[in-house]
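Before any comments, here is the structure.
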Amino acid sequence: MKIRSVEDLIAARERGLATLYPRKVKISVGMASCGVASGSRAVMKALQEETKKAGLDAFIFPVGCIGSCHMEPLVDIALPGKPRVTYANVTSKMATDIARSIVSRDVRKNWLYLRTEEDENPVDGTRMCIHSGGITGASSPYHALDFSDVPLFESIPFFKKQKRIVLRNCGIISPDSIDEYVARGGYFTLFKVLNELTPDKVIQEVKTSGLRGRGGAGFPTGLKWQFTRQAAGDVKYIICNADEGDPGAYMDRSVLEGDPHSVLEGMTIGAFAVGANEGYIYVRAEYPLAIETLNQAIKQAEAYGLLGENILGSGFSFKVRLSKGAGAFVCGEETALMASIEGRVGEPRPRPPFPAQSGLWGKPTNINNVETWANVPVILSRGGEWYAGLGTEKSKGTKVFSLVGKIERSGLIEVPMGISLREIIYDIGGGIPDGREFKAVQTGGPSGGCLPESLIDLPVDYERLTEAGAIMGSGGMVIMDDKVCMVDIARYFLTFTAAESCGKCTPCRIGTYVMNEVLGRICEGQGREGDIEYLESLAGTIKALSLCGLGQTAPNPVLTTLRYFRHEYESHIRDKKCPAGVCRRKFTAEEITRMKEEAARKKAALKQAGASETGRTPEKTATKPKGKSSVPGSRKEPTR
Amino acid sequence: MCQEVEKSLRVRIDGELYQVEPGYTVLEAARQFGVEIPTLCFDEALEPYAACRLCVVEVSSVVPGKGAARGPKRMVASCVYPVEEGLEVQTSTEEILRHRRNLVELYLSRSPNARKIQKLAEQFGISEPRYKFAETHNCIVCGLCVRACSEIVGANAIGFGLRGIKRKVEPPFHRGSAACISCGTCTTICPTEAIRLEEIDRIRSIHALAPGVYETSCSICGSFELVPKSPDDYAEWLLDKAAHPAQKPKAGKTE
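Residue numbers (the working numbering), protein chains in the order written: chain A, 159 to 798; chain B, 27 to 281.
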């Protein structure tokens, strides 16, 4: 059934609302990768079995991740006429219990994490009342239940400071249902864009919004679109970069798994703006669930006529294809990514020409990250001005971060730009667990840097992070406590980049390897004087001379740790000690031989001394067992 | 647009103003006027590759509509950067020389026995690299052989395998390549003698060996029946091959 008019869209919205806020019991289970990893499949199965057994007429849907990954598996229960309540850390045994309690209308409240009265919808700025199916008051069979003492979604510290635009639908709608996406205002923007706006107007709106590339470099999106639009040529391409490879970053995965249509709608708007009729989504093969969800979403959108020929009867056509990565980190770099789509080896090539002039198969190509695309429908719906009202002067809007590492509440958060690191780590993340102390936060993954405690009040935006030596990157935030050795961390990231370097250009191929080796020897207590200076000089060269972004940012972890934690390097090299107690000293074969020889010599000397002394002064032999204290310095063997 | 193609561009290289025709790269322009920029992966006969990074220069462009204001200084590979009107190029600032020196040092630590690298190191006054590889190799992964094989010979017999520090030139799937026509172009173009050609009893083997090691079997493309009798016959033989592609010998004795 093709959608051709607003009436068709409204009909789809009604169908979506009927499952989104049904008139009967609705149970949703967080089934994104984070949920599945914590065992939500078993929970789902238990719920299905138990409701079937009890003959309970209920919808049971999988949903994406609402962000609080530390509370997975999450189960939402929406009873007719009641707010939606969320159970956290559900096991299959608990799930059986929950299903039973719904049947007996005596809902367990002690496991409840939060309650949601209204769902905010940034697409049109409305708030949707949840009280299921419009049933209110005494007409609800669950009338007697009172959830007012369960903390409200907006009052939970983890969600209080968040502003969810990209993650607007994640964890709320079922990713399998295009109707539910439409019910949340989806594809209405596309309809408006195709029927009322010109491509130039769309680009102008995106420029006004101040949206910048969320993949890490922060290039103004509107400007990029303009370049592609202005480039000569009939055939142009749109690419969505979903090759998310930074350790500890998983926002793109969550968006694709929880709300694939937001990306498709954004891409279609972008294609209309730049004049492209074909698009690719490049997803890493390590995201099987995201690929499955996307494939299904593309099929649904095609069936509705929201993708393909003559979209919404406007005469505009746009086709999306999926391309899977094969495990190379460097394929997240745009030129390498395009080479990979073309079927060539995923290696970057020099720019210029930029993809906007000559990209995929030599045609003008516009490439943006998943998160950037997901922002687009909201910007076009609410207007660039509205979006520009969020964030700081040069960094507008919100940014999704993944909080991982030594943090109380790990998960995905979306906050307005300009929020301080302290607010993210302490107010949202709940601080450092086990009473340990905060030491550093790594932003931007292996291309970013480690920021120390002294910078904890730093407002998070593109410029400030770059000034501090880190980068925004894709938004991974690895929090570290005082049990972490910064040299070891720098070495970890360099091991990663050295292994992922494609090897095309020399500074990156040999340079990162040598840096990693030098860091390795520092960690093992084999560091030499001059190593720090060598690292610094090499880092500068790699940054300046490398061909692509991978090499140009690879030394950042070393440079920032050197800048903020230089004393730890010095302690490793001079005192042969790891202040955090992480690095183990390794001795070279020569050192071991030397130590053995020395030990043997001392033993022999002692023996000789003992033998010669026994004859003359017998009383001295008695003191021999206490040799350690009596002959200080002579037994200074290094401890292993 | 047509007139613009004819117009020459004004480019300032190391302070001197030159007139350059459009379509030139900075490296080509500089060399034309006798400004020397070192390169390792560049060859006039091949498409530029921008991998050795030795030819990096500092450029700043004119910002359109901003009068005399200049864009930020950027480090770019001169072998691929096209000349543009008003471009200002610095080929050997202190910073560039420092980076080049570091780069040559990296080359020297990986390929200390390659004569070309030794010579470069001497030029930059490097006697000992600060880091020494336990396993060295003459191949500097400049890709000249791979590109010559594909762009000049058209055989596409060799390519790159693996990645990062392990990256190396090899035929597909680490085995003798049936596409190799035993022409020896890779040996000729290799700047560091990393690829060598042996000819025994009309059987040619192409070796990519560590110095001092001798292998009877080929580690790059296997052994192939020799067609031309001496190197002087190459040109004739190649022309003949190009004219009669069907006569291509069925090479491909794989191990």
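Cβ coordinates follow ideal geometry from the N, Cα and C atoms, glycine included.
Outcome for residue i when other beta-carbon atoms lying within 10 angstroms are tallied against a minimum of 16
i	result
residue 359/A	exposed
residue 159/A	exposed
residue 168/A	exposed
residue 80/B	buried
residue 590/A	buried
residue 770/A	exposed
residue 311/A	buried
residue 367/A	buried
residue 223/A	buried
residue 163/B	buried
residue 238/A	buried
residue 706/A	buried
residue 151/B	exposed
residue 173/B	buried
residue 119/B	exposed
residue 59/B	exposed
residue 199/B	exposed
residue 605/A	buried
Extent of the continuous beta strand (DSSP E) run through residue i
i	result
residue 38/B	35-39
residue 515/A	Segment: none, residue 515/A is in no beta strand (DSSP E) and carries neither H nor E.
residue 526/A	523-527
residue 584/A	No beta strand (DSSP E) contains residue 584/A, which DSSP labels as neither H nor E.
residue 260/A	Where residue 260/A is concerned, there is no enclosing beta strand (DSSP E), although the alpha helix (DSSP H) it sits in stretches over 250-261.
residue 480/A	477-482
Limits of the alpha helix (DSSP H) - the one that residue i falls within
i	result
residue 193/B	No alpha helix (DSSP H) contains residue 193/B, which DSSP labels as neither H nor E.
residue 655/A	644-658
residue 498/A	492-500
residue 198/A	198-212
residue 185/A	Per DSSP, residue 185/A belongs to no alpha helix (DSSP H); it is in the beta strand (DSSP E), 183-188.
residue 553/A	Residue 553/A -> no alpha helix (DSSP H), and no H or E assigned at all.
residue 359/A	357-367
residue 44/B	First-last for residue 44/B: 42-46, but that is the beta strand (DSSP E), not the alpha helix (DSSP H).
residue 215/B	211-215
residue 341/A	336-341
residue 715/A	714-722
Reduced DSSP secondary structure (H/G/I, E/B, other) of residue i
i	result
residue 799/A	Any property of residue 799/A remains undetermined from this structure, which presents chain A solely from 159 to 798.
residue 167/A	helix
residue 148/B	helix
residue 396/A	strand
residue 242/A	strand
residue 188/B	coil
residue 272/A	strand
residue 689/A	helix
residue 73/B	coil
residue 281/B	Only weak support is given to the placement of residue 281/B: the predicted model assigns it a pLDDT of 36, under 50, and the question is left unresolved by the model.
residue 507/A	coil
residue 306/A	coil
residue 247/A	coil
residue 380/A	helix
residue 230/A	coil
residue 669/A	helix
residue 682/A	coil
residue 279/A	strand
beta-carbon residue i near the ligand MG non-hydrogen atom, thresh 8 Å
i	result
residue 562/A	With respect to the ligand MG, the structure shown offers nothing to examine, as it has no ligands at all.
For residue j and residue i, believed in contact at Cβ under 8 Å, the rounded distance
i	j	result
residue 102/B	residue 89/B	At roughly 16 Å, the Cβ-Cβ gap does not stay under 8 Å, so residue 102/B and residue 89/B are not in contact.
residue 37/B	residue 113/B	5 Å
residue 855/A	residue 132/B	Given a span of 159 to 798 for chain A in the structure shown, any question on residue 855/A remains unanswerable.
residue 622/A	residue 527/A	Not a contact, Cβ separation roughly 20 Å.
residue 631/A	residue 403/A	At roughly 11 Å, the Cβ-Cβ gap does not stay under 8 Å, so residue 631/A and residue 403/A are not in contact.
residue 563/A	residue 637/A	4 Å
residue 514/A	residue 389/A	6 Å
residue 406/A	residue 603/A	7 Å
residue 594/A	residue 639/A	4 Å
residue 670/A	residue 626/A	Rounded, the Cβ-Cβ distance is 22 Å, inconsistent with contact.
Would you list, in sequence order, the uninterrupted beta strand (DSSP E) runs of no fewer than 3 residues that lie entirely inside the region 78-163 of chain B? 82-86, 100-103, 114-116
Would you list, in sequence order, the uninterrupted beta strand (DSSP E) runs of no fewer than 3 residues that lie entirely inside the region 391-448 of chain A? 395-400, 436-441
Curious, which full-length beta strand (DSSP E) runs of at least 3 residues does the region 567-626 of chain A contain? 569-574, 596-601, 607-610
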